[in-house]
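Chemist: Read in order, the letters of the sequence shown are residues 5 to 102 in the numbering used here.
Just so you know, even glycine gets a beta-carbon here, dropped at the ideal spot from N, CA and C.
Just so it is clear, the structure is predicted and the values come from calculations on it, not from any experiment.
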Amino acid sequence: MSDNWIVANLENAFSTWNDKMTEIWSLITTSPQNFKGGAIWGVISGINGGLQAIGLGLLVLFFAMSIFKSTASFRDFQRPEYALKHFIRFCAAKVAIT
5 MSDNWIVANL
15 ENAFSTWNDK
25 MTEIWSLITT
35 SPQNFKGGAI
45 WGVISGINGG
55 LQAIGLGLLV
65 LFFAMSIFKS
75 TASFRDFQRP
85 EYALKHFIRF
95 CAAKVAIT
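#1: From F72, A100, I101, pick the residue whose C-alpha is nearest to that of A87; which is it?
#2: List the endpoints of the continuous alpha helix (DSSP H) containing D7.
#3: Along the alpha helix (DSSP H) that carries N38, what are the first and last residues, could you check?
#4: Can you tell which of A97, N38, N8 has the C-alpha that lies nearest to the C-alpha of G59?
#5: Just to check my reading of the structure: I101 and L63 have Cβ atoms closer than 8 angstroms, yes? What is that Cβ distance to the nearest angstrom?
Following this line, the structure appears as structure tokens:
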């Protein structure tokens, strides 16, 4: 082009900008399974499975505690609307965990 130092600096800046944007775009579009060979994804998946197991165990524990706490007698629990209310709460909590 020309020997103008301003033009040379601008071309160098735009070249650096384009290189960095290309690198950022490749990082953004990489799937988690392919990032760094997928090792990080495997670890995170294992941690997630362990936390789900703990969460489901706690869900059952607290569900049973809420039933025993709220029922003064089994006569209350024999009413269908009472059992349905607890079943819906249990299902909503299970959906939130998984």
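Modeler: Walking through what the data contain:
#1: Sequence index remark: in the sequence shown, residue 87 carries index 83 (1-based). Ranking F72, A100, I101 by Cα distance to A87 puts F72 first.
#2: Locating residue 7 in the sequence shown gives position 3, counting from the first residue. That residue, D7, is in no alpha helix (DSSP H); it is neither H nor E in DSSP.
#3: Translated into the one-based positions of the sequence shown, residue 38 becomes position 34. Taken as a continuous stretch (DSSP letters only), N38 belongs to no alpha helix (DSSP H), as it is neither H nor E.
#4: Here residue 59 refers to the residue found at position 55 of the sequence shown. Relative to the Cα of G59, the nearest Cα in the group A97, N38, N8 belongs to A97.
#5: Sequence index remark: in the sequence shown, residue 101 carries index 97 (1-based). Sequence index remark: in the sequence shown, residue 63 carries index 59 (1-based). Between L63 and I101 the Cβ distance is about 6 angstroms, and since that is below 8 angstroms, they are a contact.
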